[in-house]
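Participant: Sharing a structure here in structure tokens format.
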Amino acid sequence: MDMLEKLKILSDSAKYDVACTSSGVDRGNPGDGIGSAVSCGICHSFAADGRCISLLKVLMTNYCVYDCQYCVNRRTNDVPRAAFTPRELADLTISFYRRNYIEGLFISSGVIRNPDYTCEQMIAAVKILREEYRFYGYIHAKAIPGADEALITRLGMLVDRMSVNIEMPSQQSLRLLAPDKSKESILKPMGLIKNRIQENSTDLVRYRHTPKFAPAGQSTQMIIGATPDSDYQILNLTEGLYQKYRLKRVFFSAYMPVVQNPLLPSPDSKPPLLREHRLYQADWLLRFYGFKAAELLDESHQSFNPLVDPKCNWALNHLEQFPVEVNRCSYSMLLRVPGIGVNSAKRIVTARKAGALDFSGLKRLGVVLKRAQYFITCKGKLADGLKITQDGMLRNLISQQGLSLVRQELPQTYEQLSLFSSGKITAEEVRQCLPASI
Amino acid sequence: MPARVNLAYQYDGSFEGFLSCVFESFEKQEIPSAIFAEEPEQLSLCPVRFIETDQSRALRVLASIPKKISPHAQETVQVCFLSNHPQKELLLLGFLRQGYRFGAAVENRLADPTVNAVMKAVKFVYNESHLIKEFLRFSDFGGVLVSIIHPKNFVLPFIQPHFCGRYPNESFFIYDATHKTALAYRPHEWKYLAVDSFTMPEKGEEEAFYRRLWKQYYDTIAVEGRYNPRCRMGHMPKRYWADMTEFQDDGELAPSPDFLKTVSAAPKIEGSTVKQP
Ligand code: SF4
Chain A
1 MDMLEKLKIL
11 SDSAKYDVAC
21 TSSGVDRGNP
31 GDGIGSAVSC
41 GICHSFAADG
51 RCISLLKVLM
61 TNYCVYDCQY
71 CVNRRTNDVP
81 RAAFTPRELA
91 DLTISFYRRN
101 YIEGLFISSG
111 VIRNPDYTCE
121 QMIAAVKILR
131 EEYRFYGYIH
141 AKAIPGADEA
151 LITRLGMLVD
161 RMSVNIEMPS
171 QQSLRLLAPD
181 KSKESILKPM
191 GLIKNRIQEN
201 STDLVRYRHT
211 PKFAPAGQST
221 QMIIGATPDS
231 DYQILNLTEG
241 LYQKYRLKRV
251 FFSAYMPVVQ
261 NPLLPSPDSK
271 PPLLREHRLY
281 QADWLLRFYG
291 FKAAELLDES
301 HQSFNPLVDP
311 KCNWALNHLE
321 QFPVEVNRCS
331 YSMLLRVPGI
341 GVNSAKRIVT
351 ARKAGALDFS
361 GLKRLGVVLK
371 RAQYFITCKG
381 KLADGLKITQ
391 DGMLRNLISQ
401 QGLSLVRQEL
411 PQTYEQLSLF
421 SSGKITAEEV
431 RQCLPASI
Chain B
1 MPARVNLAYQ
11 YDGSFEGFLS
21 CVFESFEKQE
31 IPSAIFAEEP
41 EQLSLCPVRF
51 IETDQSRALR
61 VLASIPKKIS
71 PHAQETVQVC
81 FLSNHPQKEL
91 LLLGFLRQGY
101 RFGAAVENRL
111 ADPTVNAVMK
121 AVKFVYNESH
131 LIKEFLRFSD
141 FGGVLVSIIH
151 PKNFVLPFIQ
161 PHFCGRYPNE
171 SFFIYDATHK
181 TALAYRPHEW
191 KYLAVDSFTM
201 PEKGEEEAFY
211 RRLWKQYYDT
221 IAVEGRYNPR
231 CRMGHMPKRY
241 WADMTEFQDD
251 GELAPSPDFL
261 KTVSAAPKIE
271 GSTVKQP
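If you're matching them up, the sequences are chains A and B in order.
This note's numbering numbers the first residue of the first sequence as 1 and each following residue consecutively.
This note's numbering numbers the first residue of the second sequence as 1 and each following residue consecutively.
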């Protein structure tokens, strides 16, 4: 099989994995090899689906002895199979890297023969890169559940980031759809990686030249919408993963129906992109905005509001805390104002030292006034000529992005929405409809 | 505050030349209505004074910035000067005047229109430098890596440490066609060259092969059901595409008709990028 065909098969079967980031580690090149890594990460291109291409994302092989129902590579699926040799993969990575196509390698694999053998193949490829080519670029490797701890540790010493995919948001779903995997087989390597990273960082304090174990940390991903798990369950799980396993990132992947299976959404159903979008927004709120999962969803509100983003939803349900005075309120409260992001909040804190801010100043700082105006005062005053009406507010607070997804995925909700704009709705109803479930 | 006068300054386009203009403005206690480097395209209606570049005056102005304002403000001025802002000189003059008045705090005055415009220009330079680090593509010609870029700002000084550090044992040549300047590197030295025009040589077989692999990879890695051209364009503005391997037409290397079919059949989904809420 020629290289062109092989790469096609092995990138095609890796494309559903979402993680493609190259961030989290800063490493210069001492001059004896090729490559470097920058902590902010570098995206080299964007595919037609709008997703970033940072790493060469391929499988070592798509042969697999397992039979996970949601996966194109499962044993019982009739697809062309291929495998890279470690040498081929290393050479290809370097050829792409030299041309500045990529930031490094993201290597994952189907389980060929058994987990240990698979892991050894991956180690061999990465070793050629690190030791022969003296490659200082970014490498992300997926730990193969079930592989020997010693092998996972060896792999971790060679790469920048490791991940174990949690796959399904709940144990029931996992049992149903990935019969060969168990919660334990996933959480065990995840715990192992967490412990190695921690031990290693104490070693590093003691011995400066200790090689680093996965210095860019650990991430995971789960599939959204293949199973009945709610946003509430998913967000709580996400928060737990950040806290317990010290993960750097949790990725969500809207389920792309790839198979006909009574346990799964039918192949002609659409991927739940809006849900995925809302989950990422909420994830952002957990990581950068100081929100807790319990502030965003609870037992009685298990799903995100399709119309407004989770932060806006929170603000609408806590109107008693607004408006806030931008010239005085705390940084953490600024972050909770719809229309003010991390950057503009920081700029506000800087700029107000030099003098009180007014609305035109805020605009220059990058605040989205259209949204923020309902929640803030400047020097004690609301924005000039601000009229607080339901449909005005709704129109301004619904994000255009969200709207086009709502229009496509939930035409009914969209029609109701145009009802609001005809102004027949009361304040009460607006408040009630906002935390509505999908 | 000195008076704004009906007079334009013209200088040679160098940083020292600009600093000489600043000196002139302070010495004459006047604020020109415009400062430009070349003959203005439109006939200017006000009189023009040519400001000679004077090294010692330039140095005096330069030395005053870290002393009277802050070292960071000096960096701001230097970076903004490399931006493509059409009135960067006048902006910087205004910025410096405020700087001498407010000291280091001038950089906190983000809501002031002049300071804000300077900061935005600086941000654009840094942002574009980052984009070029992302989207620049090399082609291999007999072991030398060659690239052509068309940045709006003068970004070479900002990408030079990155590429020299990343490929210490390669030889490469990056041509900035907008500013007609090249960065040439071979282990372990680099220099800038003024190059009037440059075209890529013929590609060899091995280079053609890797280009083909990369294009195929680029096409394969997209998930058809999530086709989202708007989102792609938001992250990767179209004006960079012409210099990127994956969008260049290599004749027989164009994307396969099969792929194009799947793409046009896929539902069009707009705007599913994750923006900061
Ligand atoms: S183990 Fe991985 S590759 Fe194999 S079927 Fe399951 S998800 Fe697919």
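A virtual CB, placed ideally from N, CA and C, is assigned to each residue, including glycine.
Identify, in the order they occur along the chain, each residue of the same chain with its Cβ nearer than 7 Å to the Cβ of alanine 194 of chain B, setting aside the five sequence neighbours on each side.
Facilitator: Contacts found: Lys180 and Thr181.
Participant: For the candidate residues A:Leu92, A:Leu316 and A:Arg87, whose alpha-carbon lies nearest to that of asparagine 396 of chain A?
Facilitator: Comparing C-alpha distances from asparagine 396 of chain A to each of A:Leu92, A:Leu316 and A:Arg87 shows the shortest one belongs to A:Leu316.
Participant: So what does methionine 222 of chain A bridge to, in DSSP terms?
Facilitator: A:Glu167 and A:Phe252
Participant: Thinking C-beta only, is leucine 145 of chain B closer than 8 Å to arginine 51 of chain A?
Facilitator: No, they are not a contact pair.
Participant: Histidine 140 of chain A CB to nearest chain B CB: under 8 Å?
Facilitator: Histidine 140 of chain A does not count as touching chain B.
Participant: Under 7 Å: does the beta carbon of arginine 113 of chain A sit that close to some heavy atom of the ligand SF4?
Facilitator: no
Participant: Beta carbon of arginine 506 of chain A: closer than 7 Å to some heavy atom of the ligand SF4?
Facilitator: The question about residue 506 of chain A has no answer, for chain A in this structure spans 1 to 438.
Participant: Just how far apart, CA to CA, sit alanine 117 of chain B and glutamine 260 of chain A?
Facilitator: 56 Å
Participant: According to DSSP, is histidine 235 of chain B part of a helix, a strand, or is it coil?
Facilitator: helix
Participant: What are the partner residues of lysine 57 of chain A, as DSSP defines its beta bridges?
Facilitator: A:Phe106
Participant: Just to make sure I have the definition right: I need the residues of chain A whose C-beta is within less than 8 Å of the C-beta of methionine 244 of chain B. Which are they?
Facilitator: Ser45
Participant: For glutamate 207 of chain B and glutamine 29 of chain B, what's the separation of their Cα atoms in angstroms?
Facilitator: 60 Å
Participant: Applying the 10 Å Cβ sphere with the 16-neighbour rule, what's the burial state of cysteine 40 of chain A?
Facilitator: exposed
Participant: Among the residues of its own chain, which have a CB less than 8 Å from the CB of glycine 33 of chain A, if the five just before and after it don't count?
Facilitator: Contacts found: Tyr133, Arg134, Phe135 and Tyr136.
Participant: Between which two residues does the alpha helix (DSSP H) carrying tryptophan 190 of chain B extend?
Facilitator: Where tryptophan 190 of chain B is concerned, there is no enclosing alpha helix (DSSP H), although the beta strand (DSSP E) it sits in stretches over 189-194.
Participant: Check whether the Cβ of tyrosine 245 of chain A sits closer than 7 Å to any heavy atom of the ligand SF4, and report yes or no.
Facilitator: no
Participant: Going by the CB atoms, is the gap between phenylalanine 84 of chain A and threonine 61 of chain A shorter than 8 Å?
Facilitator: Closer than 8 Å, so yes.
Participant: The beta strand (DSSP E) spanning arginine 186 of chain B covers which residue range?
Facilitator: 181-186
Participant: Where does lysine 181 of chain A land, buried or exposed, given buried means 16+ other C-beta within 10 angstroms?
Facilitator: buried
Participant: For a quick check, are the C-beta atoms of lysine 311 of chain A and proline 338 of chain A less than 8 Å apart?
Facilitator: In contact: lysine 311 of chain A and proline 338 of chain A (Cβ atoms closer than 8 Å).
Participant: So which residues of chain B does leucine 357 of chain A contact, with C-beta pairs closer than 7 Å?
Facilitator: Ordered by position in chain B, the residues that pass the 7 Å Cβ test against leucine 357 of chain A are Ala111.
Participant: What does the alpha-carbon distance come out to for the pair arginine 352 of chain A and lysine 123 of chain B?
Facilitator: 20 Å
Participant: Does glutamate 202 of chain B come out as helix, strand or coil in the three-state DSSP assignment?
Facilitator: Coil at glutamate 202 of chain B, not helix or strand.
Participant: Answer with yes or no whether the minimum CB distance from phenylalanine 138 of chain B to chain A is below 8 Å.
Facilitator: Closer than 8 Å: yes.
Participant: In three-state terms, what does DSSP make of leucine 235 of chain A?
Facilitator: helix
Participant: What residue range is occupied by the uninterrupted alpha helix (DSSP H) comprising serine 344 of chain A?
Facilitator: 342-351
Participant: What residues are listed by DSSP as bridge partners for methionine 162 of chain A?
Facilitator: A:Ala141 and A:Gln218
Participant: Buried or exposed: which applies to threonine 238 of chain A, given that a residue is buried once 16 or more other Cβ atoms fall within 10 Å of its Cβ?
Facilitator: buried
Participant: What does DSSP give as the partner residues of arginine 27 of chain A in its beta bridges?
Facilitator: A:Ala37
Participant: For threonine 76 of chain A, which residues of its own chain have a beta-carbon under 6 Å away from its beta-carbon, when the five flanking residues on both sides are left out?
Facilitator: Once the five neighbours on either side are set aside, the close Cβ partners of threonine 76 of chain A are Asp67.
Participant: Going by Cα to Cα distance, which pick from A:Gly31, A:Phe106, A:Val258 and A:Thr350 is closest to histidine 162 of chain B?
Facilitator: A:Gly31
Participant: Taking the alpha carbon of glutamine 74 of chain B as the point to measure from, which residue in B:Gly165, B:Ser83, B:Ala104 and B:Pro47 has its own alpha carbon closest?
Facilitator: B:Ala104
Participant: Beta-carbon within less than 6 Å of serine 332 of chain A's beta-carbon, same chain only, minus the 5 sequence neighbours each way: which residues are those?
Facilitator: Gly290
Participant: On a CA-only basis, which of A:Arg175, A:Arg161, A:Tyr242 and A:Leu105 is nearest leucine 286 of chain A? Give me that one, please.
Facilitator: The shortest Cα separation from leucine 286 of chain A among A:Arg175, A:Arg161, A:Tyr242 and A:Leu105 belongs to A:Tyr242.
Participant: Does DSSP put lysine 381 of chain A in a helix, in a strand, or in coil?
Facilitator: Of the three classes helix, strand and coil, the one that applies to lysine 381 of chain A here is strand, per DSSP.
Participant: Under the criterion of a Cβ to heavy atom distance below 7 Å, does aspartate 67 of chain A qualify as lining the ligand SF4?
Facilitator: yes
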